[in-house]
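Novice: Handing you a structure now.
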Amino acid sequence: MTIKDPLRAIALPVLVVAMLAACGEEQAPPKEEVRVEPAPADRLWVRGAGATFPEPLYRKWVETYQANHPETWVTYSGVGSGAGIDRFITGSVDFGGSDAAMTDEQMARVDSGVHLVPATAGMVVLAYNLPGVDGELYLPRDVYADIFAGKIDKWNDPSIQAANVELTLPNLNIALVARRDSSGTTFAFTSHLAEISETFGSEGPGVGKLVSWPGGAMLANGNDGVAQRVKISEGAIGYMGYEFAKRLDIPMATLENKAGNFIKADPATGQTALADTVDEMPEDLRLFIPDPKGAQSYPIVTYSWLLLYGDYDSDTKRAAVKDFVTWGLSEGQSYSDDLGFIPLPREVVSLGAQAVESIQ
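In this text, residue positions in the sequence shown follow the working numbering: the first is 25, and each later residue adds one.
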């Protein structure tokens, strides 16, 4: 695969509207990205862009890998899954990142073929800002689905208070915080809500990387943008990767899972959710888990995929991409826990490594 426009990866913050590949989705600007330094003249540049959900982990991978592979310069721009897929399709990166994988239609647009490799996994949490409310906040399944459908708009709504008898909840408007950009995190979250609510998909915002949230929702680019907005907004609740709420020390709701148990987000409950579905992994490695089974499974988890070309025109570029991704699937997994991600099950690592090895 030949990079068609090497300067796009170092562009200043993007202000143009991205063309979304998924049918029926609205248009939105991609996440404003941090400037990526171009590779020194004597180093091979491997460019990646995509999902913000795994960005903290991928940045750690890049930092650690390059320290031991000085001949290679790897960069990753967190622009959101939608923009990452778009860049991958147009050939302006060497690999993409997506929390929504790719659709068959999107993959058909890539002449060199596509390998989808699960590289990490994580939890989508509901983080909130309720000053003066101390203690664990429990949210039943029907309640948090109705909150994000706009049907519950007060924190002291009887349905929330009934699940939190030990808390005194304020008579305060609920301020939803959601993604402005095309996002795999949004896809994972809305897929879950549609799975647990009969009306969320048909009468509510629906499922997608970009959806129309109830009026008044505050929108932000990237997981980090949503986290920052919740952090400073009294009465807010927003969905984001566990690692972003953890880093900013934002309280996270304890959610009811499929088995009817209230489960905190932590590495153990996330690992349980993945372990219970390993045997369901299909041949193309596109496994979505909208409502995990298991008594101790955290209810909202997602894999995050690296998007790789089926073949690369350059032997050196192909070898560098394969080596970096193979390293991420093995040694790179050791950084997952500290950064708030879920290490991949061994069976998934093995399947991913086989997919990488098959790249020509």
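We treat Cβ as the ideally placed atom computed from N, Cα and C, and that holds for glycine.
Can you check which of these residues, 299, 312, 228, is closest to residue 328 by C-alpha distance?
Specialist: Within the sequence shown, numbered from 1, the residue matching residue 328 stands at position 304. Checking every option, the nearest Cα to that of residue 328 belongs to 312.
Novice: Have a look at residue 215 and residue 231 and give me their C-alpha separation to the nearest angstrom.
Specialist: The residue you call residue 215 lines up with position 191 of the sequence shown. The residue you call residue 231 lines up with position 207 of the sequence shown. Residue 215 and residue 231 have their alpha carbons spaced roughly 6 Å apart.
Novice: Pull the bridge partners of residue 280 from the DSSP assignment, please.
Specialist: Counting from one through the sequence shown, the residue named residue 280 turns up at place 256. Beta-bridge pairing links residue 280 to 286.
Novice: Measure from the alpha carbon of residue 288 to the alpha carbon of each residue in 254, 96, 147, 79, then state which is nearest.
Specialist: Within the sequence shown, residue 288 is the residue found at index 264, counting from 1. Answer by Cα proximity: 147.
Novice: With 16 other CB atoms within 10 Å as the buried threshold, where does residue 203 fall?
Specialist: Within the sequence shown, numbered from 1, the residue matching residue 203 stands at position 179. With 16 or more Cβ atoms within 10 Å of its Cβ, residue 203 is classed as buried.
Novice: Opposite residue 394 in the DSSP bridges: which residues?
Specialist: Coverage of the chain is limited to positions 25 through 384, which leaves residue 394 absent and any answer about it impossible.
Novice: Compute the beta-carbon to beta-carbon distance between residue 279 and residue 363, rounded to the nearest angstrom, for a pair I have assumed lies under 8 Å.
Specialist: By one-based count along the sequence shown, residue 279 stands at place 255. By one-based count along the sequence shown, residue 363 stands at place 339. Not confirmed; about 21 Å, so no contact.
Novice: Less than 8 Å between CB atoms is the rule here; does residue 345 satisfy it with respect to chain B?
Specialist: The question asks about chain B, but that chain is absent: this structure has only one protein chain.
Novice: Could you tell me whether the Cβ atoms of residue 259 and residue 153 are closer together than 8 Å?
Specialist: The residue labelled residue 259 in the question sits at position 235 within the sequence shown. The residue labelled residue 153 in the question sits at position 129 within the sequence shown. Yes, the pair counts as a contact, with Cβ atoms nearer than the cut-off.
Novice: According to DSSP, simplified to helix, strand and coil, what is residue 241?
Specialist: One-based indexing of the sequence shown puts residue 241 at position 217. Residue 241: coil per DSSP, three-state reduction.
Novice: What residue from 304, 323, 273 has the CA that sits closest to residue 296's CA?
Specialist: The residue given as residue 296 occupies position 272 in the sequence shown. Of 304, 323, 273, the residue nearest in Cα terms is 323.
Novice: Using the beta-carbon count (16 or more within 10 Å), is residue 96 buried or exposed?
Specialist: Position 72 of the sequence shown, counting from 1, holds the residue named residue 96. Label assigned to residue 96: buried.
Novice: Under the assumption that residue 100 contacts residue 72 (Cβ atoms under 8 Å), give the Cβ distance between them as a whole number of angstroms.
Specialist: The residue you call residue 100 lines up with position 76 of the sequence shown. The residue you call residue 72 lines up with position 48 of the sequence shown. Rounded, the Cβ-Cβ distance is 4 Å, consistent with contact.
Novice: Write down the C-beta distance between residue 375 and residue 357 rounded to the nearest angstrom, noting that I regard them as a contact closer than 8 Å.
Specialist: In the sequence shown, the residue the question calls residue 375 occupies position 351. In the sequence shown, the residue the question calls residue 357 occupies position 333. At roughly 14 Å, the Cβ-Cβ gap does not stay under 8 Å, so residue 375 and residue 357 are not in contact.
Novice: Leaving out five residues on either side along the sequence, give the residues of the same chain with a beta carbon under 8 Å from the beta carbon of residue 342.
Specialist: Working through the sequence shown from its first residue, we reach residue 342 at position 318. Here the set comprises 335, 336, 383, 384.
Novice: Express the C-alpha separation of residue 179 and residue 293 in angstroms, rounding to a whole number.
Specialist: As a first step, residue 293 must be located in the sequence shown, where it is residue number 269. As a first step, residue 179 must be located in the sequence shown, where it is residue number 155. Each residue's alpha carbon lies about 27 Å from the other.
Novice: What residue range does the beta strand (DSSP E) around residue 266 cover?
Specialist: Translated into positions along the sequence shown, residue 266 becomes position 242. Residue 266 -> not in any beta strand (DSSP E); alpha helix (DSSP H) instead, spanning 266 to 272.
Novice: So for residue 331, helix, strand or coil by DSSP?
Specialist: Walking along the sequence shown from the start, residue 331 turns up at place 307. In the structure shown, residue 331 sits in a strand (DSSP, three-state: E or B).
Novice: Pick from 213, 318, 217, 136: whose alpha carbon is nearest that of residue 266?
Specialist: By 1-based counting over the sequence shown, the position of residue 266 is 242. Closest option to residue 266, Cα to Cα, is 213.
Novice: Taking Cβ positions, are residue 282 and residue 315 nearer each other than 8 Å?
Specialist: Walking along the sequence shown from the start, residue 282 turns up at place 258. Walking along the sequence shown from the start, residue 315 turns up at place 291. Contact flag set, yes.
Novice: Where do the ends of the alpha helix (DSSP H) carrying residue 291 lie?
Specialist: Within the sequence shown, numbered from 1, the residue matching residue 291 stands at position 267. First-last of the alpha helix (DSSP H) with residue 291: 291 to 299.
Novice: Express the C-alpha separation of residue 332 and residue 309 in angstroms, rounding to a whole number.
Specialist: Taking the first residue of the sequence shown as position 1, residue 309 is located at position 285. Taking the first residue of the sequence shown as position 1, residue 332 is located at position 308. Cα to Cα, residue 309 sits roughly 13 Å from residue 332.
Novice: For residue 200, which of 168, 122, 360, 272 has the nearest alpha-carbon?
Specialist: For the purposes of this step, residue 200 is taken as the residue at position 176 of the sequence shown. Comparing Cα positions, the closest option is 168.
Novice: Look at the Cβ atom of residue 210, then the Cβ atom of residue 243, and state whether they are nearer than 8 Å.
Specialist: Along the sequence shown, one-based indexing puts residue 210 at 186. Along the sequence shown, one-based indexing puts residue 243 at 219. For residue 210 and residue 243, no; Cβs fall outside 8 Å.
Novice: Have a look at 124, 131, 156, 143 and flag the residue whose alpha-carbon is nearest the alpha-carbon of residue 85.
Specialist: In the sequence shown, counting from the first residue as 1, residue 85 sits at position 61. Of the candidates 124, 131, 156, 143, the one whose C-alpha sits nearest the C-alpha of residue 85 is 143.
Novice: Could you check if residue 303 is buried or exposed, using at least 16 other CB atoms within 10 Å of its CB as the buried criterion?
Specialist: Taking the first residue of the sequence shown as position 1, residue 303 is located at position 279. Under this definition residue 303 is an exposed residue.
Novice: Output the distance between the C-alpha atoms of residue 350 and residue 377, rounded to the nearest integer angstrom.
Specialist: As a first step, residue 350 must be located in the sequence shown, where it is residue number 326. As a first step, residue 377 must be located in the sequence shown, where it is residue number 353. C-alpha separation (whole angstroms): 6 Å.
Novice: List, from N- to C-terminal side, the alpha helix (DSSP H) runs of 4 residues or more that fit wholly inside the region 205 to 260.
Specialist: Complete alpha helix (DSSP H) runs here, min 4: 208 to 220, 246 to 256.
Novice: May I ask you to report which of helix, strand or coil DSSP gives residue 187?
Specialist: Your numbering for residue 187 matches position 163 in the sequence shown. Of the three classes helix, strand and coil, the one that applies to residue 187 here is coil, per DSSP.
Novice: With distances taken between CB atoms, is the gap from residue 70 to residue 118 smaller than 8 Å?
Specialist: Mapped onto the sequence shown, residue 70 falls at position 46. Mapped onto the sequence shown, residue 118 falls at position 94. Result yes, Cβ atoms of residue 70 and residue 118 sit closer than 8 Å.
Novice: Assuming residue 75 and residue 104 make a contact with CB atoms under 8 Å, what is their CB distance in whole Å?
Specialist: Reading the sequence shown from its first residue, position 51 is the one you call residue 75. Reading the sequence shown from its first residue, position 80 is the one you call residue 104. Confirmed, about 7 Å.
Novice: Whose C-beta lies closer than 7 Å to the C-beta of residue 108 among residues of the same chain, with five residues either side of it excluded?
Specialist: If you number the sequence shown from 1, residue 108 lands on position 84. Once the five neighbours on either side are set aside, the close Cβ partners of residue 108 are 73, 74, 75, 120, 121, 122.
Novice: Return the chain-ordered list of same chain residues with a C-beta closer than 6 Å to the C-beta of residue 174, the five sequence neighbours on each side being excluded.
Specialist: The count along the sequence shown starts at 1 and reaches residue 174 at position 150. Result list for residue 174: 238, in chain order.
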